[in-house]
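Number of protein chains: 2
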Amino acid sequence: DPSAPVDPGEAEDFLRRCYTENPRLGPVEPRLAIVRAQVAATGSYVHTTDELAHGARMAWRNSSRCIGRLYWRSLMVLDRRRARTADEIYSLLVQHLQSAGEAAIRPVISIFAPAQPGQPFARVWNEQLIRYAGYRTEAGKTVGDARQQGLTDVVRGFGWQGKGEAFDVLPLVIETPAEGLRLYELPERAIREVPLTHPEYGWFAELGLRWHAVPAISNMRLTIGGVHYPLAPFNGWYMGTEIGARNLADADRYDMIPTIAARMELDTSRESTLWRDRALVELNRAVLHSFEQAGVKMSDHHTESQRFMAHLRNEEKAGRPTPADWSWIVPPMSGGLTPVFHRYYEEMDLRPAFYLDDEAADRAQGCPVKRTH
Amino acid sequence: DPSAPVDPGEAEDFLRRCYTENPRLGPVEPRLAIVRAQVAATGSYVHTTDELAHGARMAWRNSSRCIGRLYWRSLMVLDRRRARTADEIYSLLVQHLQSAGEAAIRPVISIFAPAQPGQPFARVWNEQLIRYAGYRTEAGKTVGDARQQGLTDVVRGFGWQGKGEAFDVLPLVIETPAEGLRLYELPERAIREVPLTHPEYGWFAELGLRWHAVPAISNMRLTIGGVHYPLAPFNGWYMGTEIGARNLADADRYDMIPTIAARMELDTSRESTLWRDRALVELNRAVLHSFEQAGVKMSDHHTESQRFMAHLRNEEKAGRPTPADWSWIVPPMSGGLTPVFHRYYEEMDLRPAFYLDDEAADRAQGCPVKRTH
Ligand code: HEM
Ligand code: HEM
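Chains as they are written, first to last, in our numbering: chain A, 190 to 562; chain B, 190 to 562.
Quick look at the structure:
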């Protein structure tokens, strides 16, 4: 429960670690005394800028599902704790996307106000800052991202009108205690997109596929030393398979494999021709090729796996465990070809951490609204 | 410990389940009385043929790592508990391979004598009945299956001379309490093999790749109702990826991906061309194509995943949990394309079961011998 008072043990544990890892912050004892007093008096405490930044980096380092953790120290942390109104939040989210997406993509997190004991807090309903709408058609099919149908219904209920096309960026749904729900369209300058072409197949461009450059998860709660930040959107760069082997490939997302196989004129009469696998590889080649051509940073699953192996070695040298979730770390295609496949990992819930609350997951699917209808 | 006395609780638990699942076996109570008396007197008890057969099928059904469990009822159980000498065991293993490999491949298990409390027992060192030797060369490379280098060293120490080629079938290493270690060459009639060709690439045949038709694991212990069968080799048919995405692809096995990519003239200058993934798909097409051409039963990972989903539904209908290990169930290529990827499973250690003892794993690597050198 993000609105519960801070657990003093968790605060102390975090601060000790934070100050041990950063000797330049000085001795932790005086800081602990202050924090204990703050927590006793108010149920919470206020992180210094350094604590906030290092805490966010630790949370990334502790993300068991993330293969991209080698560069955890490089996370750019934007302290947005003062923002209160939906307008303020919106303009800072636009700034986030812009600073993340300029030139080479850089890992950025914007940290908004923490939850206060017993108080309601601001949040964004969208699971990522940029996501494409999904429209149910009369024929029972979907135009766009089927995963976003729920949220698309919600925003349409609030009067939003999409173009009804496959790649309409959804508006941001920002909820603040004072203003309730407000919808905001992202300006074009905040949305970098890459149209997909294939290095060999000319027809690929005719499919009209595209994807956005910056994956920015916006509905996970960041917990640092017992303080909960319910609005702390973060982004890295994409690993190609997230788009090519999941978003555009999954049967309950864009489901492009049968279409691509048809254009490739593959024998789809039986599974053993591996037509699915062949179409999958070409889709992923197209994704990597297109981002490369557009000069948008993206990594492939082989490179990112090697980096993760380096991360494991680094962390071992630093005497720290690296919690990891095999089923998320191993890429969704050619798993056995990557070094991350051939070993097991420790599973542990270390903090600071990012959590997806059930309610937040429901909101991103448009569920609470549907329930009250 | 396979030589420990039978746990009466485990015996009772198994028998109750076995008789409940097979009403035609009659009431379990009289049988329980007999078994309790046998265990009290001798530390063990003797399974009836029906108990043995159903126990083995339950062990398959409980194999969390096995995607092929839909047909668990069809397991053909060969009761080989009377065999004692290495010669007898050998000729029954040859029979096993023959009955498994004739025409369509069928799932078979041969169950040899159980371990008796405090007594040594017979076993086979090889991890599978058919495996290819691996020879270290002076250049520090390997000819053959690098995973079998340890066992290859052992059998060469016993005077076995392989041809030094990439696909030399290893002799069986049979250990009995009375005779110690004995080596047996498998006769040709027991070894069905498929030379690999590609549906389109003529040059593929020139690689000289082949694989055997029957995967028969021979070093796992079968435990039924507290009785341990240390020698109970079993086989199914191959799923193509076991050969195409692991045995022939893994860098520490046959490592064929770079060779195939070179023959395909792929751009291997950077990972993002996905040359590994492309070579992998073609290798796997070759495997499936060649087995199909040779009339040897094999399944692809899409079909086997669909079957496993059917198995999950069947078991749920039967009111039984299906323990499963995600990282083993999801195929090593195109994971995200298979329905088994998109859910979680219960992990449980249900019995009857197959276990790989550490000692058995070591022996298959030739370790105990190396240690005494
Ligand atoms: C720098 C480049 C990065 C790469 C290549 C990367 C890669 C990935 C990938 C492939 C996943 C799995 C996504 C999925 O299957 O849905 C993932 C998950 C995750 N990553 Fe990263 N990541 C990066 C940066 C970051 C950053 C900056 C953070 C936080 C500060 C982060 C935190 C997480 C978390 C919390 C998850 C789990 C998400 C969930 O549970 O849905 N990652 N990452
Ligand atoms: C009928 C066709 C079968 C298919 C297609 C099949 C498929 C598979 C596959 C793909 C694996 C993973 C192998 C690996 O990654 O190394 C596996 C593991 C396993 N299977 Fe099956 N299987 C079949 C029959 C059987 C039978 C008949 C048994 C036992 C009676 C069995 C018991 C097991 C066990 C115990 C494992 C785990 C092996 C280990 O831990 O190394 N399977 N199976």
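Here a beta-carbon is modelled for each residue, glycine too, at the ideal position from N, C-alpha and C.
Since this is a predicted model, take the numbers as computed values, not measurements.
*Got a sec: does ligand 1 put a non-hydrogen atom nearer than 7 Å to the Cβ of Trp400 (chain A)?*
For the purposes of this step, residue 400 (chain A) is taken as residue 211 along the first sequence, with counting starting at 1. Not so, every heavy atom of ligand 1 lies at least 7 Å from the Cβ.
Along chain A, which residues have their Cβ under 8 Å away from the Cβ of Phe530 (chain B)? For the purposes of this step, residue 530 (chain B) is taken as the residue at position 341 of the second sequence. Here the neighbours are Pro521.
Coil, strand or helix - Gln317 (chain B) by DSSP: Counting from 1 along the second sequence, the entry for residue 317 (chain B) is found at position 128. Of the three classes helix, strand and coil, the one that applies to Gln317 (chain B) here is strand, per DSSP.
> Closer than 8 Å, CB to CB, is Asp239 (chain B) near chain A or not?
Replying inline: One-based indexing of the second sequence puts residue 239 (chain B) at position 50. The Cβ of Asp239 (chain B) sits no closer than 8 Å to any Cβ of chain A.
| task | Compare the C-alpha of Phe543 (chain A) against each of A:Leu411, A:Val228, A:Leu526 and name the closest. | result | Reading the first sequence from its first residue, position 354 is the one you call residue 543 (chain A). Ranking the options by Cα distance to Phe543 (chain A), first place goes to A:Leu411.
Comparing the CB of Phe530 (chain B) with every heavy atom of ligand 1, is any distance shorter than 7 Å? Working through the second sequence from its first residue, we reach residue 530 (chain B) at position 341. Answer for Phe530 (chain B): no, Cβ out of range of ligand 1.
Taking 7 Å as the cut-off, is the CB of Cys207 (chain A) close to at least one heavy atom of ligand 1?
-> Position 18 of the first sequence holds residue 207 (chain A). Checking every heavy atom of ligand 1 against the Cβ of Cys207 (chain A), none is found closer than 7 Å.
Practice prompt. Alpha carbon to alpha carbon, how far is Phe310 (chain B) from Pro520 (chain B)? Give it in angstroms, no decimals.
Written response: Working through the second sequence from its first residue, we reach residue 520 (chain B) at position 331. Working through the second sequence from its first residue, we reach residue 310 (chain B) at position 121. Each residue's alpha carbon lies about 35 Å from the other.
Nearest residue (CA-CA) to Val476 (chain A), options A:Arg435, A:Arg336, A:Ala226
Counting from 1 along the first sequence, the entry for residue 476 (chain A) is found at position 287. Nearest C-alpha to Val476 (chain A): A:Arg435.
| Mind checking whether Asn408 (chain A) and Ala289 (chain A) have CB atoms under 8 Å apart? | Stepping through the first sequence from its first residue, residue 408 (chain A) is reached at position 219. Stepping through the first sequence from its first residue, residue 289 (chain A) is reached at position 100. Contact: no.
### Query
By the criterion of Cβ-Cβ separation under 9 Å, what are the contact partners of Trp515 (chain B) in chain A?
Numbered from its first residue, the second sequence carries residue 515 (chain B) at position 326. What Trp515 (chain B) touches in chain A: Trp515, Ser516.
For this session: Compute the Euclidean distance between the alpha carbons of Ala226 (chain B) and Pro212 (chain B), then round it to the nearest angstrom.
Result: Numbered from its first residue, the second sequence carries residue 226 (chain B) at position 37. Numbered from its first residue, the second sequence carries residue 212 (chain B) at position 23. Rounded to whole angstroms, Ala226 (chain B) to Pro212 (chain B) spans 23 Å at the Cα level.
For this session: Return yes when the C-beta of Trp515 (chain A) is under 7 Å from any heavy atom of ligand 2, and no when it is not.
Result: What you label residue 515 (chain A) is simply residue 326 of the first sequence in a count that begins at 1. Trp515 (chain A) Cβ: outside cutoff for every heavy atom of ligand 2.
Nearest chain A C-beta to His491 (chain B) closer than 8 Å, yes or no?
Locating residue 491 (chain B) in the second sequence gives position 302, counting from the first residue. Contact of His491 (chain B) with chain A is assigned, a C-beta pair being separated by under 8 Å.
- Under the three-state DSSP convention, the category Tyr208 (chain B) falls into: Counting from 1 along the second sequence, the entry for residue 208 (chain B) is found at position 19. Tyr208 (chain B): helix per DSSP, three-state reduction.
Which of helix, strand or coil DSSP assigns to Tyr544 (chain B) = Position 355 of the second sequence, counting from 1, holds the residue named residue 544 (chain B). Tyr544 (chain B) falls in the strand class under three-state DSSP.
* Asked: Run through DSSP, which three-state label would Ile300 (chain B) get?
  -> Position 111 of the second sequence, counting from 1, holds the residue named residue 300 (chain B). In this structure, Ile300 (chain B) counts as strand in the three-state DSSP scheme.
Distance cut-off 7 Å: Asn143 (chain B) Cβ against heavy atoms of ligand 2 | As shown, chain B starts at 190 and ends at 562. That puts residue 143 (chain B) outside it, with no answer to give.
* Using 7 Å as the cut-off, classify the Cβ of Tyr260 (chain A) as near or not near the heavy atoms of ligand 1, replying yes or no. => Sequence index remark: in the first sequence, residue 260 (chain A) carries index 71 (1-based). Within the cutoff, so yes.
Given a cut-off of 8 Å, decide if Asp334 (chain A) and Arg442 (chain A) are closer than it, judged by their beta-carbon atoms.
-> Your numbering for residue 442 (chain A) matches position 253 in the first sequence. Your numbering for residue 334 (chain A) matches position 145 in the first sequence. The answer is yes: Cβ separation under 8 Å.
Exercise for review: Using a cut-off of 8 Å between C-beta atoms, extract the partners of Asn473 (chain B) located in chain A.
Suggested key: Taking the first residue of the second sequence as position 1, residue 473 (chain B) is located at position 284. The answer, in chain order, is Leu463, Asp466.
Fill in: Within 8 Å, strictly: CB atoms of Ile446 (chain B) and Leu526 (chain A)
Along the second sequence, read from residue 1 onward, the residue named residue 446 (chain B) stands at position 257. Along the first sequence, read from residue 1 onward, the residue named residue 526 (chain A) stands at position 337. Against a cut-off of 8 Å, the Cβ pair of Leu526 (chain A) and Ile446 (chain B) comes out as a contact.
Kindly say whether Gly339 (chain A), judged by its beta-carbon, lies nearer than 8 Å to any beta-carbon of chain B. The sequence position of residue 339 (chain A) within the first sequence is 150, counting from 1. It does not; no Cβ of chain B falls within 8 Å.
Point to revise | Range covered by the beta strand (DSSP E) that runs through Met453 (chain A) | key: As a working note, residue 453 (chain A) is residue 264 in the first sequence. Segment: none, Met453 (chain A) is in no beta strand (DSSP E) and carries neither H nor E.
| request: State yes or no: is the C-beta of Glu199 (chain B) nearer than 7 Å to some heavy atom of ligand 1? | output: Indexing the second sequence from 1 puts residue 199 (chain B) at position 10. No; taking the cut-off as 7 Å, the Cβ of Glu199 (chain B) has no heavy atom of ligand 1 nearer than that.
Roughly how many angstroms lie between the CA atoms of His531 (chain B) and Trp400 (chain A), to the nearest whole one?
Here residue 531 (chain B) refers to the residue found at position 342 of the second sequence. Here residue 400 (chain A) refers to the residue found at position 211 of the first sequence. Counting only the Cα atoms, Trp400 (chain A) lies some 22 Å from His531 (chain B).
Exercise for review: Closer than 9 Å, Cβ to Cβ, to anything on chain B: give me those residues from the segment 419 to 446 of chain A, in chain order.
Suggested key: Cβ contacts with chain B: Gly429, Thr430, Ala434, Arg435, Ala438, Asp439, Ala440, Asp441, Ile446.
Just to confirm, is the Cβ distance from Arg381 (chain B) to Val313 (chain B) under 8 Å? Here residue 381 (chain B) is taken as the residue at index 192 of the second sequence, counted from 1. Here residue 313 (chain B) is taken as the residue at index 124 of the second sequence, counted from 1. No.
Is the CB-CB distance between Arg478 (chain A) and Pro388 (chain A) below 8 Å? Position 289 of the first sequence, counted from the start, is the residue given in the question as residue 478 (chain A). Position 199 of the first sequence, counted from the start, is the residue given in the question as residue 388 (chain A). What sits at residue 478 (chain A) in the sequence shown is His, not Arg. Contact: yes.
Touching by the beta-carbon criterion (3+ pairs, under 8 Å), the segment 539 to 553 of chain B and the segment 246 to 261 of chain B = yes
Quiz item: Quick one: Cα of Ala483 (chain B) to Cα of Val383 (chain B), how far?
Solution: The residue you call residue 483 (chain B) lines up with position 294 of the second sequence. The residue you call residue 383 (chain B) lines up with position 194 of the second sequence. Near 7 Å, if we compare the C-alpha coordinates of Val383 (chain B) and Ala483 (chain B).
If Ser461 (chain A) sits next to Glu481 (chain B), beta carbons under 8 Å apart, how far is it from one beta carbon to the other, in whole angstroms? As a working mapping, residue 461 (chain A) is identified with position 272 in the first sequence. As a working mapping, residue 481 (chain B) is identified with position 292 in the second sequence. Ser461 (chain A) to Glu481 (chain B), Cβ: 7 Å. Contact.
Requested in this report: Using three-state DSSP, classify Tyr427 (chain B) as helix, strand or coil.
Outcome: Indexing the second sequence from 1 puts residue 427 (chain B) at position 238. Tyr427 (chain B): strand per DSSP, three-state reduction.
Name the residues in the segment 276 to 300 of chain B whose C-beta lies less than 8 Å from a C-beta of chain A; which are they?
-> none
Which runs of the beta strand (DSSP E) fall wholly inside the segment 321 to 361 of chain B and span at least 3 residues, in chain order? 323 to 325, 331 to 333
- Message: Between the alpha carbons of Ile449 (chain B) and Lys330 (chain B), how many angstroms are there, rounded?
- Response: Within the second sequence, numbered from 1, the residue matching residue 449 (chain B) stands at position 260. Within the second sequence, numbered from 1, the residue matching residue 330 (chain B) stands at position 141. In this model, Ile449 (chain B) and Lys330 (chain B) are separated by some 18 Å (Cα to Cα).
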